[in-house]
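Residue numbering for the sequence shown follows the numbering used here, starting at 11 and increasing by one per position.
By construction, the Cβ of each residue, glycine as well, lies at the ideal position given by its N, Cα and C atoms.
Note that the structure is a prediction, hence the values are computed from the model and not measured.
Structure, as structure tokens:
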Amino acid sequence: MHVPLLIIGGGLSGLAAALRFARFIPDVLLLEQHSRIGGLNSYYYRNNRLFETGLHAITNYAAPKVKNAPLNRLLRQLKIKRKELALHQQNQSEIRFPDLESLLFSNDFSLLDSEIESKFPASHQGFHKLLQVIERYDPFKPLPFISTKKILQEHLQDTLLTDMLLCPLMYYGSSIERDMDFGQFVIMFRAIFLEGMFRPGGTIKDLLDLLLKHYTDHGGKIKTKATVKKILHTGKKIHGVLLNDGTEIRCDYILSTIGSEETFTLLDNPSGLETLPRLGFVETIFEIEKSTELKQGHGRTIIFYNTGDHFLYQQPDSFVDFNSGVICMPQNFQDLPESSFKEVRTTHLANYNEWKELLKDKDSYKSAKDDTALTSLLVAEKILGNFAQNIVYRDTFTPLTIERFTAKKNGAIYGNPVKIKDGDIGYDNLYLAGTDQGFLGIIGSMLSGVSIVNQHILPRL
Ligand SMILES: Cc1cc2nc3c(=O)[nH]c(=O)nc-3n(C[C@H](O)[C@H](O)[C@H](O)COP(=O)(O)OP(=O)(O)OC[C@H]3O[C@@H](n4cnc5c(N)ncnc54)[C@H](O)[C@@H]3O)c2cc1C
């Protein structure tokens, strides 16, 4: 078998790349190791109910008239109509730090601005100067690392405000510890604070099914349960892939969305990339009775919290760091159709190696997962009020769960901290897209897939 383009990985970047390419040349094959597409953002069934693995909220909300907004550009590139998605904007989210210091924000930027004006008056003018820098900055220019903390400290009088602004942006888009590259900060600031958050009407399955339908309608092909074992090449020229079941598929181009080191492993070549700690996370889903009224934080979509003296976004020494985290209530989006359930989802930083060590004894691993869920529940109840008595189902994912289902090294959601922004990893006809190209989250990874196809592959065919 021979195809012009082979895409490795049926996550959101692979699906978007495949659909973009199929619009011009239908002969494209998408290979996914799992039985289900979606990768990090997929779903599973328990108790006859669908649970989403990843979706809290999609960033980069934009009104239809903002033609150049990333969301609208993406929809145009994929020829998907807005009405096919039914977008629901967030209600209101919150950044909550010690002593009940809190900043509210929504898809209307003036809310965050007025919160900063009233709670951090000494920093308000500097915040406006920072906004001008953000507006003018081109985050896609290849530049060496620029420290966001340094720039924020130059503009803002209050270190607490610096930490509060960084908390959501790091949790939703930083693969590196303690600081952020300023380009990535600008991307995330625009995506979360200036544009905002939304979710599609149905579940993530509906979004994945929609992408797949468009793709197969154009003639694109997909093979699930197809694990790529080797990428076949002579020097820098790629010929195809070998699957786990022994099938060989030949191609002109490969787009790999599985990660940089993971791709180099399939090429039997060391990556030569700098080794930095990869960030792990644990996520617990609490399904609660539909009638549950949360006493506090009622109606909030997402609460980003920190309880320590400083916000520390780094790999913890123990299994989990409960000092900070994300609490998401996926039912709290505007005008969502009535659902039969409610959820509280919690996310915290975690240490992959500590979890890996535990796996040597299955009982210890299981009891650490139970302890994680219970501690996370206590943390969430301090913020939301009691809801333990209303929990009907609970599940916890560790970095090992993510590694098992997506083959992502160390189960690191944001992949390798070293990003390859142009997608070129030194081969003639192989490119990288997705998480390790540097665009994170759903919109980021989809735009990454589309832009690599546009820049490197379509012009050469
Ligand atoms: C718990 C959690 C919560 C999240 N919340 C949000 C959120 O609220 N909003 C948001 O925007 N983003 C969120 N994300 C992040 C978002 O899911 C990812 O950034 C995005 O989906 C990454 O897509 P990708 O295609 O780059 O990578 P992946 O999803 O990792 O796709 C890669 C695919 O490659 C497949 N693969 C790997 N190796 C092979 C192989 N050898 N052969 C064949 N196939 C292979 C994998 O199975 C996988 O399907 C969350 C992620 C998680 C895990």
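Inset, instruction - Compare the beta carbon distance of I35 and L471 with 8 Å and say whether it is the shorter of the two. - result: In contact: I35 and L471 (Cβ atoms closer than 8 Å).
Inset, instruction - Taking V13 as part of the beta strand (DSSP E), name the residues at either end of that continuous run. - result: Per DSSP, the continuous beta strand (DSSP E) segment holding V13 begins and ends at 12 to 18.
Inset, instruction - State the CB to CB distance for the pair T69 and M207, rounded to an integer number of angstroms; the pair is presumed to be in contact (CB under 8 Å). - result: Indeed, because the Cβ distance is near 6 Å, the residues count as touching under 8 Å.
Legend entry - Within the region 330 to 374, ranges of the alpha helix (DSSP H) (whole runs, at least 4 residues): Taken in chain order, the complete alpha helix (DSSP H) segments of 4 residues or longer contained in the region 330 to 374 are 362 to 368.
Inset, instruction - Would you check if there are 3 or more beta carbon pairs closer than 8 Å linking the region 124 to 144 to the region 161 to 175? - result: Result yes; three or more Cβ-Cβ pairs closer than 8 Å.
Legend entry - Check: A28 C-beta below 7 Å from any heavy atom of ligand 1: Result no, Cβ not under 7 Å from ligand 1.
Legend entry - According to DSSP, residues forming a beta bridge with K260: Note on residue identity: the sequence assigns Arg, not Lys, to residue 260. DSSP output for R260 lists H12, G250 as bridge partner(s).
Legend entry - Segment contact, 8 Å Cβ cut-off, at least three pairs: the region 128 to 136 with the region 149 to 156: Contact fails between the region 128 to 136 and the region 149 to 156, because fewer than three Cβ pairs, one in each stretch, are under 8 Å apart.
Inset, instruction - Scan the region 74 to 122 and note each continuous alpha helix (DSSP H) run of 4 residues or more that stays entirely inside, going in chain order. - result: 80 to 88, all fully within the region 74 to 122.
Inset, instruction - May I ask whether a heavy atom of ligand 1 can be found less than 7 Å away from the beta carbon of F8? - result: Shown here, the chain extends from 11 to 471; a query on residue 8 therefore has no answer.
Legend entry - Straight-line Cα distance separating D331 from L122: Straight-line Cα distance between these residues: approximately 27 Å.
Legend entry - C-beta atoms of S270 and L289 nearer than 8 Å: Contact flag unset, no.
Legend entry - A236 CB to nearest heavy atom of ligand 1 below 7 Å: Yes - ligand 1 has a heavy atom lying nearer than 7 Å to the Cβ of A236.
Inset, instruction - Can you have a look at T356 and say buried or exposed, based on whether 16 or more other CB atoms are within 10 angstroms of its CB? - result: So T356 counts as buried.
Legend entry - One or two residues paired with N316 in a DSSP bridge: Beta-bridge pairing links N316 to S334.
Inset, instruction - Identify the continuous alpha helix (DSSP H) that holds Y225 and give its terminal residues. - result: Here the alpha helix (DSSP H) through Y225 covers 214 to 227.
Inset, instruction - Output the boundary residues of the beta strand (DSSP E) element that contains Y54. - result: That run of the beta strand (DSSP E) goes 53 to 56.
Legend entry - T267 CB to nearest heavy atom of ligand 1 below 7 Å: Placement of the Cβ of T267 at a distance of less than 7 Å from at least one heavy atom of ligand 1 is found.
Legend entry - Buried versus exposed, by CB contacts within 10 Å (16 or more), L345: The identity of residue 345 in the sequence shown is Asp, whereas the question assumes Leu. D345 sits exposed, since fewer than 16 C-beta atoms from the chains shown fall within 10 Å of its C-beta.
Inset, instruction - Consult DSSP for I144 and reduce its assignment to one of helix, strand or coil. - result: Residue state, collapsed to three classes: helix.
Inset, instruction - Since I believe L253 is in contact with T237 (beta carbons under 8 Å), could you give me their beta-carbon distance rounded to a whole number of angstroms? - result: Yes, they are in contact, since the Cβ atoms of T237 and L253 sit about 6 Å apart, within 8 Å.
Legend entry - For Y181, three-class secondary structure by DSSP: Looking at Y181 - three-state DSSP - the assignment turns out to be helix.
Inset, instruction - Pull up the distance between the alpha-carbon of R414 and that of G421, whole angstroms please. - result: In a straight line, the C-alpha of R414 is about 8 Å away from that of G421.
Inset, instruction - Within 10 angstroms of the Cβ of P152, are there 16 or more other Cβ atoms? Answer buried if so, exposed if not. - result: By the neighbour-count definition (other C-beta atoms within 10 Å, threshold 16), P152 is an exposed residue.
Legend entry - Residues of its chain near H249, where Cβ-Cβ distance is below 7 Å and the 5 sequence neighbours each way are ignored: Cβ neighbours of H249 beyond the five flanking positions: L242, H243, R260.
Legend entry - Enclosing beta strand (DSSP E) for T244 [first to last residue]: Run containing T244: 238 to 244, per the beta strand (DSSP E) assignment.
Legend entry - Whole-angstrom distance between S386 and N316, CA atom to CA atom: Answer to the nearest angstrom: the Cα atoms are 13 Å apart.
Legend entry - Inter-residue CB distance, L15 and I467 (contact presumed, cutoff 8 Å): The Cβ separation is near 6 Å, so the contact holds.
Legend entry - Heavy atom of ligand 1 within 7 Å of L65 beta-carbon: L65: yes, Cβ under 7 Å from ligand 1.
Inset, instruction - Pull up the distance between the alpha-carbon of I412 and that of L25, whole angstroms please. - result: Approximately 19 Å between the Cα atoms of the pair.
Legend entry - Distance cut-off 7 Å: S23 Cβ against heavy atoms of ligand 1: Under cutoff, so the answer is yes.
Inset, instruction - Inspect the beta-carbon positions of I435 and T172 and report whether they are closer than 8 Å. - result: Against a cut-off of 8 Å, the Cβ pair of T172 and I435 comes out as no contact.
Inset, instruction - Kindly indicate which three-state DSSP category N409 falls into: helix, strand or coil? - result: Sequence inspection shows Pro at residue 409; the Asn mentioned does not correspond to that position. In the three-state DSSP reduction, P409 falls in the helix class (H, G or I).
Inset, instruction - Look up R30 in the DSSP assignment and say whether it is helix, strand or coil. - result: Helix, per DSSP.
Legend entry - Cβ neighbours of I47 in the same chain (closer than 6 Å, five flanking residues each side left out): Around I47: G20, L218.
Inset, instruction - Starting from the C-beta of A32, find all residues in its chain whose C-beta is less than 8 Å away, skip the five residues before and the five after it, and write them out in chain order. - result: So the list reads V38, Y225, H228, G229, G230, once near-sequence residues are dropped.
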